[in-house]
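S.K.:
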Amino acid sequence: MERKKNVIPFNPERRRSTSIHKRKHTTKKKNQSAEKMTFWDRVGIFITEIIETIIIPFALLVVFLSWIASLVKKLVHWISK
1 MERKKNVIPF
11 NPERRRSTSI
21 HKRKHTTKKK
31 NQSAEKMTFW
41 DRVGIFITEI
51 IETIIIPFAL
61 LVVFLSWIAS
71 LVKKLVHWIS
81 K
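Counted from 1, the sequence shown has number 4 at position 4 by full-length UniProt numbering; the numbering is strictly sequential.
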């Protein structure tokens, strides 16, 4: 069989060293980004979580209940005619 010119022979040692290098590189990046988080970043995340979990659901609940109240008001007005 003839060998193709552009085929690189498989070398398991080379592949292993590359993957280890990549893994170290990514963990290093993750650690650097974790160190850069400041107090105010954490405060901002905390405020965002409060808004998403408490304020928005209660606002939607108020809107829904006011809509139901207006429907009841119209129904009472229609019945009392």
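C-beta atoms are modelled at their ideal positions from N, C-alpha and C, and glycine is treated no differently.
Predicted model only: the values in this text are computed from it and were never measured.
1) Given this structure, state the Cα-to-Cα distance separating Asp-41 from Leu-60, to the nearest angstrom.
2) Can you grab the Cα-Cα spacing for the pair Ile-45 / Asn-6, in whole Å?
3) Please report the straight-line C-alpha distance between Lys-74 and Ile-47, rounded to a whole angstrom.
4) Following the continuous alpha helix (DSSP H) through Thr-48, name the residue where it begins and the one where it ends.
5) Would you kindly work out how many angstroms separate the C-alpha atoms of Ile-79 and Val-72, rounded to a whole number?
6) Mapping the DSSP letters down to three states, classify Lys-81 as helix, strand or coil.
M.R.: A quick look at the data gives this:
1) Here residue 41 corresponds to residue number 41 of the sequence shown, with the count starting at 1. Here residue 60 corresponds to residue number 60 of the sequence shown, with the count starting at 1. Asp-41 and Leu-60 have their C-alpha atoms some 27 angstroms from each other.
2) Translated into positions along the sequence shown, residue 45 becomes position 45. Translated into positions along the sequence shown, residue 6 becomes position 6. Straight-line Cα distance between these residues: approximately 51 angstroms.
3) Here residue 74 refers to the residue found at position 74 when the sequence shown is read from its first residue. Here residue 47 refers to the residue found at position 47 when the sequence shown is read from its first residue. Looking at the two C-alpha atoms, the distance is approximately 39 angstroms.
4) Within the sequence shown, residue 48 is the residue found at index 48, counting from 1. Here the alpha helix (DSSP H) through Thr-48 covers 39–50.
5) Stepping through the sequence shown from its first residue, residue 79 is reached at position 79. Stepping through the sequence shown from its first residue, residue 72 is reached at position 72. Using only the alpha carbons, I get a separation of about 10 angstroms.
6) For the purposes of this step, residue 81 is taken as residue 81 along the sequence shown, with counting starting at 1. Three-state result, Lys-81: coil.
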